[in-house]
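Visitor: In my numbering, the protein residues as written are 55 to 288. There's a structure below that I have some questions on.
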């Protein structure tokens, strides 16, 4: 009888346990939902902050890239101006961008954002220092300078129509002012003791002499005018 009573009692509790399974499952599911909800509420604002921070950084980078393109790759400008006024204007812009980088919340950036931020910061500091130390008063180095690029560009010019021919002629005319500006910068550098090491100038003293010719057709700058398209009137 005792054994039968025990079995009857066990059966009762087993039935009761199974009768409550749906409720237990519901409670477990609710815990899962609550856990997910708390995790979502905790991490989603962090995700949004990170996304916004990276988007803001990309806008700063884009602003810098657009400025660089306008200053140094402008098809409307034949030569880059290196006047002290233009250099200072660039330095002011770089300082403004650097300030925006420094004020950006770096803790909210992702790994790539942090790398981009550090690289741009380093680049801006280098450019600002270069202008502050008046490196532009030495517009040449061991590889050449403001005149070598002009000389080399003659081989790359392709005159396809009258418009491109006129643009090339205008560039040739504009070189005089470009040369005068850079020579004035070098003279100012000499007065201030800011000059290039003599070693890098050895063998370059007469580099321009070979381009001083009595017959224009012998000049490298005449080369683009050879074999002009028939669409261009003589």
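C-beta: ideal position from N, C-alpha, C; glycine also.
Any idea what DSSP makes of residue 163, helix, strand or coil?
Guide: As a position in the chain shown, residue 163 is number 109, starting the count at 1. DSSP places residue 163 in coil when its eight states are reduced to three.
Visitor: How is residue 282 classed by DSSP in three states: helix, strand or coil?
Guide: Residue mapping note: residue 282 aligns to position 228 of the chain shown, counting from 1. It is coil, neither helix nor strand.
Visitor: Could you tell me whether the stretch 132-144 touches the stretch 220-240, where touching means 3 or more Cβ pairs closer than 8 Å?
Guide: Yes: at least three Cβ pairs fall under 8 Å.
Visitor: Report yes if the C-beta distance between residue 182 and residue 148 is below 7 Å; otherwise report no.
Guide: Here residue 182 refers to the residue found at position 128 of the chain shown. Here residue 148 refers to the residue found at position 94 of the chain shown. Yes, they are a contact pair.
Visitor: Could you give the distance in angstroms between the alpha-carbon of residue 100 and the alpha-carbon of residue 178?
Guide: The sequence position of residue 100 within the chain shown is 46, counting from 1. The sequence position of residue 178 within the chain shown is 124, counting from 1. Interpretation of residue 100 is limited by its pLDDT of 42, a score under 50 that renders its predicted location unreliable; the figure taken from the coordinates is listed afterwards. Distance between the alpha carbons of residue 100 and residue 178 is about 29 Å.
Visitor: Among residues of its own chain, excluding the 5 on either side of residue 239, which ones have a beta-carbon nearer than 7 Å to its beta-carbon?
Guide: Here residue 239 refers to the residue found at position 185 of the chain shown. Excluding residues within five positions, the ones whose Cβ falls inside 7 Å are 136, 190, 191, 193.
Visitor: Taking all protein chains shown into account, decide if residue 173 is buried (16 or more other Cβ within 10 angstroms of its Cβ) or exposed.
Guide: Mapped onto the chain shown, residue 173 falls at position 119. So residue 173 counts as exposed.
Visitor: Tell me the DSSP secondary structure of residue 106 in three-state form.
Guide: Translated into positions along the chain shown, residue 106 becomes position 52. Helix at residue 106.
Visitor: In chain order, which continuous runs of the beta strand (DSSP E) of length 3 or greater are located wholly inside the stretch 167-198?
Guide: Counting only runs of 3 or more, we get nothing.
Visitor: Kindly list the residues whose CB is nearer than 6 Å to the CB of residue 211, restricted to its own chain and excluding five residues on each side of it in sequence; keep chain order.
Guide: Residue mapping note: residue 211 aligns to position 157 of the chain shown, counting from 1. 222, 278.
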